[in-house]
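Numbering-wise, our numbering comes out as the position in the sequence shown, counting from 1, plus 481.
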Amino acid sequence: MLIGDAAHVFPPFGGQGIATGIRDAQALGWRLAIMSRVNMSNETRQRILTGWGQERRHAWKAALMATKLNGSIVNQRSIIGGFFYRVWMRLLWQFKRIARYRTHNAFKDKLIYTHATCPDGFFLGQTGGGRKVAQIWVRKAGQEPKLSDAAFLRCLSHLSLLVLVGDDAHSGLRDEVAAALKESDLQADLLTMDDVSFYQKSGSSSQGAEVGSLDCYHPCTAGQLAGDGITPIKGYRHTSLQDRFGPTTRFILVRPDFFVHSVASDVGGLLENLRKVKEYFS
482 MLIGDAAHVF PPFGGQGIAT GIRDAQALGW RLAIMSRVNM SNETRQRILT GWGQERRHAW
542 KAALMATKLN GSIVNQRSII GGFFYRVWMR LLWQFKRIAR YRTHNAFKDK LIYTHATCPD
602 GFFLGQTGGG RKVAQIWVRK AGQEPKLSDA AFLRCLSHLS LLVLVGDDAH SGLRDEVAAA
662 LKESDLQADL LTMDDVSFYQ KSGSSSQGAE VGSLDCYHPC TAGQLAGDGI TPIKGYRHTS
722 LQDRFGPTTR FILVRPDFFV HSVASDVGGL LENLRKVKEY FS
């Protein structure tokens, strides 16, 4: 297995070389951890590594496109062309709506896996899997804000289950999730109730209050973060996480690299997705 510069070399435009190498290692590490703990056939082990290779090659191509774009800007040889490019860009940034739009698109994750490019990848494209979960600041009542990646991922070699809580949530939701995990018969080295997080969506009428026995995280707005002495990145939106999913999405099964495995709108769909996970690793 080759990772980092042994597998790909990029020109130094945008730091894609080291970033892609780190992602290679991250994507391989959690797979190896699962393979070392879960009983599976040699054919399954080979499929897991093949899927890793397919996903990383797709990611390398996306990084290469970004590098080529950055390089074409940096290596602008025409003095006149370069002058007009800079003037044009400065003019565009005078318009706040255009600036916000460009910033939003710049920070939006454009890497999406599909079964056409990664047929052995570990995700369910037909249910909305294959894209990354947006990172935002979240908090629980009485606690300091923390980035959602750190809040929702508690074991670097386990899957995570994120439950979106809206106005229709009820106190028995936790018991329903626990029952689905038990019925799926998923090995504890893949997912347990300790890996489940409840997230109260922005805009819910019960925002800021707990729903029954559910101990929910809440999104932090830029204004709230400022009150805690935190300055988020430019273009930060506290609704970015939920905006990537449909209004009926309730359960998001997330891999250790924060790519979505699958989503579901009800417990029945969640159970089916959990069974697909078991099949993949069996």
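Just so it is clear, CB atoms sit at the ideal spot from N, CA and C, and this is done for glycine as well.
- In terms of Cα proximity to A707, the closest of P626, D649, C636 and K759 is P626.
- Annotated three-state conformation of W533 is helix, per DSSP.
- Residue environment for L643: buried (at least 16 other C-beta atoms within 10 angstroms of its C-beta).
- Per DSSP, the continuous beta strand (DSSP E) segment holding I733 begins and ends at F732 to V735.
- Distance from the Cα of L722 is smallest, within the candidate group D696, L637, M521 and F740, for F740.
- Cβ-Cβ distances below 8 Å link T608 to S743, V744, A745, G750 and N754 in the same chain, with the five nearest sequence neighbours on each side left out; the list follows chain order.
- Assigned with DSSP and collapsed to three states, R718 falls in coil, not helix or strand.
- Residues A659 of the same chain have their beta carbon placed closer than 6 Å to that of M674, with the five preceding and five following residues left out of the count.
- DSSP lists V619 as the beta-bridge partner residues of P700.
- Three or more beta-carbon pairs drawn from the stretch 631-642 and the stretch 732-739 are found closer than 8 Å, and the two stretches are therefore classed as touching.
- Excluding sequence positions up to five before and after P713, its CB lies within less than 6 Å of the CB of A703 and L706, all in the same chain and listed in chain order.
- Looking at the backbone, the Cα of R504 and that of H539 are separated by about 12 Å.
- Straight across, the Cα-Cα distance linking K682 with Y717 is about 16 Å.
- Going by DSSP, Q497 is part of the alpha helix (DSSP H) stretching over Q497 to R518.
- In the assembly as shown, E664 is an exposed residue. Its beta-carbon has fewer than 16 other beta-carbons within 10 Å.
- With a threshold of 16 other beta carbon atoms within 10 Å, L628 falls short and is exposed.
- For the options Y594, H719, D670 and F576, the alpha carbon positioned closest to that of Q616 is the one of H719.
- Membership of L642 in the beta strand (DSSP E) is indicated by the continuous run S641 to V646.
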